[in-house]
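UniProt numbering puts the first residue of the sequence shown at 1, with every later residue one more than the last.
Glycine residues also receive a C-beta, built at the ideal position from the N, C-alpha and C atoms.
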Amino acid sequence: MTGPHPHTYRQVEVAGDQPYTITIGPGLLAAGHADNARRLGQVLRGRHALVVSDSNVAPLYADGVEALLRAAKPQLALSRWVMPAGEQEKTLARFGECLDALAALGATRDATVVALGGGVVGDLAGFAAACWMRGIDCVQLPTTLLAMVDSAVGGKTAVDLPHGKNLVGAFHPPRAVITDTTVLRTLPDRELRAGLAEVVKYGAIFDAHFLGWLAAHAEALLARDDTALAEAITRCCEFKADVATRDPYEHGHRALLNFGHTFGHAIEAEQGYGAGRDALIHGEAVAVGMVLASRLSTLLGLASASDGDRLQALLQRFGLPTTLPEGLEAGALIARMRLDKKADAHGLRFVLLDGAGAARVVAGVAESSVRAVLEAG
Ligand SMILES: NC(=O)c1ccc[n+]([C@@H]2O[C@H](COP(=O)([O-])OP(=O)(O)OC[C@H]3O[C@@H](n4cnc5c(N)ncnc54)[C@H](O)[C@@H]3O)[C@@H](O)[C@H]2O)c1
Ligand SMILES: O=C(O)C(=O)C[C@@H](O)[C@H](O)[C@H](O)COP(=O)(O)O
Ligand SMILES: [Zn+2]
1 MTGPHPHTYR
11 QVEVAGDQPY
21 TITIGPGLLA
31 AGHADNARRL
41 GQVLRGRHAL
51 VVSDSNVAPL
61 YADGVEALLR
71 AAKPQLALSR
81 WVMPAGEQEK
91 TLARFGECLD
101 ALAALGATRD
111 ATVVALGGGV
121 VGDLAGFAAA
131 CWMRGIDCVQ
141 LPTTLLAMVD
151 SAVGGKTAVD
161 LPHGKNLVGA
171 FHPPRAVITD
181 TTVLRTLPDR
191 ELRAGLAEVV
201 KYGAIFDAHF
211 LGWLAAHAEA
221 LLARDDTALA
231 EAITRCCEFK
241 ADVATRDPYE
251 HGHRALLNFG
261 HTFGHAIEAE
271 QGYGAGRDAL
281 IHGEAVAVGM
291 VLASRLSTLL
301 GLASASDGDR
311 LQALLQRFGL
321 PTTLPEGLEA
331 GALIARMRLD
341 KKADAHGLRF
351 VLLDGAGAAR
361 VVAGVAESSV
371 RAVLEAG
């Protein structure tokens, strides 16, 4: 019973009031490994744990995770709550069911929610942990690339409303993030590409050099080369850890992580969160949103059109959509944007590009400019 070799995993620290560690490597959730059980056991405080997962992930990985939890703490009262997979399920109703599962378990204030899944599971389970008895621990075990590079880190938790994305939520940092890169082998291709959109986002807003690295490693990433994926995940966690440490509650700098999301969230809500056959998933909507935001940047005299062209080309190389889907109306999207969490009394605020690797928040953007960009495509 040995764990992965110590040099095969990496760690990223998130500092601040509630510090935690992100551990990244192959095989970290493999059952029967004493080190894996010990690592999980170290972050469980109480006697109760609820594993929250979805209908695709639970059959693949929940037994293994529960075996590790039992090995770590034989007396643990453990139960599992499995939600149907998909963005359409990130609702207040499912959130209520998750709280019912905590009640049925008899979870006390030192209990732990173990979120095993993608961003939908992580956001909903994290929000349940934030609210149960006003806050219990949540350990994030991300299983999509998107969750590994973004949603499992930083403590934003939420559910959607029909009115808009993530409108009900809380900031609640995880107690730990354990990222087993081996689970990416079962991730559908479309989901891998969606995760790459958020990876590109970090380069677009923070680091032109990283954009170059992504272009150079595009084939390797799409082929799921372990080394390239581990490098990309670690780099993205470093970017996010830095921002979340400095601005955990999004009073300023953290808003840059919302690049592409004002457009993207409006698209997702308008399409009913995946209800339609051609609906975009989150990473895809963000890819389209980033291109539209780069066009808006150019219209407002910031980044050059060629910066936007290069960003679009990189996203296309990753097989991502970069133009507005058919059938969406500019006025309806703009109405959605008025409920964006960055909007304020002065109107819409957008994350815009100054150029490759440099972004800023721009307040009071005229709706006529947004309309012009939407109508151009
Ligand atoms: N909290 C944050 O900071 C943050 C950041 C980015 C995105 N998000 C949120 O994350 C959500 C999107 O997350 P996502 O892209 O992970 O989607 P998701 O959670 O819906 O997962 C995508 C699909 O892949 C399946 N799946 C997950 N892991 C798998 C695996 N290893 N093998 C096989 N199938 C697997 C899931 O069952 C699902 O069908 C959105 O709701 C978005 O708003 C939150
Ligand atoms: O962590 C953040 O901050 C982000 O904005 C990351 C985004 O990728 C993520 O989709 C987030 O959930 C969006 O936040 P919201 O505040 O616009 O709901
Ligand atoms: Zn996102």
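Exercise for review: Decide yes or no for the touch test of the region 72-86 against the region 9-24: beta carbon pairs closer than 8 angstroms, at least 3 of them.
Suggested key: No, the region 72-86 does not touch the region 9-24.
Exercise for review: Report the option in A176, V52, F95, A128 whose CA atom is closest to the CA atom of G118.
Suggested key: Looking only at A176, V52, F95, A128, the smallest Cα-Cα distance to G118 is reached by V52.
Exercise for review: Consider the C-beta atom of V153 and the heavy atoms of ligand 3; say whether any pair is separated by less than 8 angstroms.
Suggested key: Ligand 3 has no heavy atom closer than 8 angstroms to the beta-carbon of V153.
Point to revise | Cβ-Cβ distance between G347 and E375 below 9 angstroms | key: No, the pair does not count as a contact, with Cβ atoms beyond the cut-off.
Practice item. Over the uninterrupted alpha helix (DSSP H) stretch that includes L221, give me the two end residues. Key: Unbroken alpha helix (DSSP H) run through L221: 218-222.
Review point. Sorted by chain position, which residues of the same chain lie with C-beta nearer than 8 angstroms to Q312's C-beta, five sequence neighbours on each side aside?
Key: Only V291, S294, T322 meet the Cβ criterion.
Check your understanding: According to DSSP, is F95 helix, strand or coil?
Key -> It is helical.
Check your understanding: Do P188 and ligand 1 come close, with the Cβ less than 8 angstroms from some heavy atom?
Key -> Checking every heavy atom of ligand 1 against the Cβ of P188, one is found closer than 8 angstroms.
Practice item. Look at the alpha carbon of Q140 and the alpha carbon of V177, and state the distance between them as a whole number of angstroms. Key: C-alpha separation (whole angstroms): 5 angstroms.
Exercise for review: State the Cα-Cα distance for the pair L92 and D160, rounded to the nearest angstrom.
Suggested key: Cα to Cα, L92 sits roughly 7 angstroms from D160.
Check your understanding: Is F210 helix, strand or coil by DSSP?
Key -> In this structure, F210 counts as helix in the three-state DSSP scheme.
Exercise for review: Give a yes or no on whether the C-beta atoms belonging to D123 and T157 are separated by under 9 angstroms.
Suggested key: In this structure, T157 lies closer than 9 angstroms to D123 by Cβ.
Point to revise | Residue environment, E284, which counts as buried when at least 16 other CB atoms sit within 10 Å | key: By the neighbour-count rule (16 or more Cβ atoms within 10 Å), E284 is buried.
Review point. What do you reckon, are the CB atoms on A232 and V153 nearer than 9 angstroms?
Key: Annotated as distal: A232 and V153, with beta-carbon spacing of 9 angstroms or more.
Check your understanding: What do you reckon, is the C-beta of K156 under 8 angstroms from a heavy atom of ligand 2?
Key -> Yes - ligand 2 has a heavy atom lying nearer than 8 angstroms to the Cβ of K156.
Review point. Is V361 closer than 9 angstroms to A255 when the C-beta atoms are compared?
Key: Yes, Cβ-Cβ distance for A255 and V361 is below 9 angstroms.
Check your understanding: Whose C-alpha, out of L44, S55, G289, is nearest the C-alpha of G86?
Key -> Relative to the Cα of G86, the nearest Cα in the group L44, S55, G289 belongs to S55.
Check your understanding: Looking only at C-alpha atoms, which of E89, L315, R47, P325 sits nearest to L222?
Key -> Ranking the options by Cα distance to L222, first place goes to L315.
Check your understanding: For L292, is the beta carbon positioned less than 8 angstroms from some heavy atom of ligand 2?
Key -> For L292, the distance from the CB to the nearest heavy atom of ligand 2 is not below 8 angstroms.
Review point. With which residues is R10 paired in a DSSP beta bridge?
Key: I24.
Point to revise | Endpoints, the alpha helix (DSSP H) within which Q312 is located | key: That run of the alpha helix (DSSP H) goes 305-317.
Check your understanding: With respect to 8 angstroms, is the separation between the Cβ of V121 and the closest non-hydrogen atom of ligand 3 below this value?
Key -> V121: no, Cβ never under 8 angstroms from ligand 3.
Point to revise | Three-state secondary structure (DSSP) of L184 | key: Here L184 sits in helix by DSSP.
Check your understanding: Which runs of the alpha helix (DSSP H) spanning at least 4 residues fall entirely within the region 283-371, listed in chain order?
Key -> Unbroken alpha helix (DSSP H) stretches of 4 residues or longer found wholly inside the region 283-371: 305-317, 330-337, given in chain order.
Check your understanding: In three-state DSSP terms, what is Q75?
Key -> It is coil, neither helix nor strand.
Review point. To which residues of the same chain is A218 closer than 7 angstroms at the C-beta, ignoring the five residues directly before and after it?
Key: For A218, where only same-chain residues beyond five positions count, the Cβ hits under 7 angstroms are R317, F318.
**Study point:** Spatial neighbours of A372 in its chain, beta-carbon cut-off 7 angstroms, leaving aside the 5 residues before and after
**Key:** L299.
Review point. Where Y20 and R70 are concerned, what is the direct C-alpha to C-alpha distance, given to the nearest angstrom?
Key: Their backbone Cα atoms lie some 23 angstroms apart in a straight line.
Exercise for review: Would you mind working out which of R190, A241, F350 sits nearest G364, comparing C-alpha positions?
Suggested key: G364 has its Cα closest to that of F350, out of R190, A241, F350.
Practice item. Return the chain-ordered ranges of every beta strand (DSSP E) run that is complete within the UniProt domain "3-dehydroquinate synthase N-terminal" (82-193) and spans a minimum of 3 residues. Key: Segments of the beta strand (DSSP E) lying fully in the UniProt domain "3-dehydroquinate synthase N-terminal" (82-193): 112-117, 137-142, 156-161, 164-171, 176-180.
Review point. Is it the case that the CB of H282 approaches a heavy atom of ligand 3 more closely than 8 angstroms?
Key: Yes.
Review point. Distance, Cα to Cα, L184 vs F239?
Key: So the two alpha carbons sit approximately 21 angstroms from each other.
Review point. Does the distance from the C-beta atom of A128 to that of V114 stay below 9 angstroms?
Key: Contact flag unset, no.
Check your understanding: CB V286 to CB A197, shorter than 9 angstroms?
Key -> Yes, these two residues count as a Cβ contact at 9 angstroms.
Exercise for review: Could you give the DSSP three-state label for L29: helix, strand or coil?
Suggested key: Look at L29 here: in three-state DSSP terms it is coil, with no helix or strand label.
Exercise for review: Please confirm if the region 59-70 is in contact with the region 30-46, defined as three or more CB-CB distances below 8 angstroms between the two stretches.
Suggested key: They touch, by the three-pair rule.
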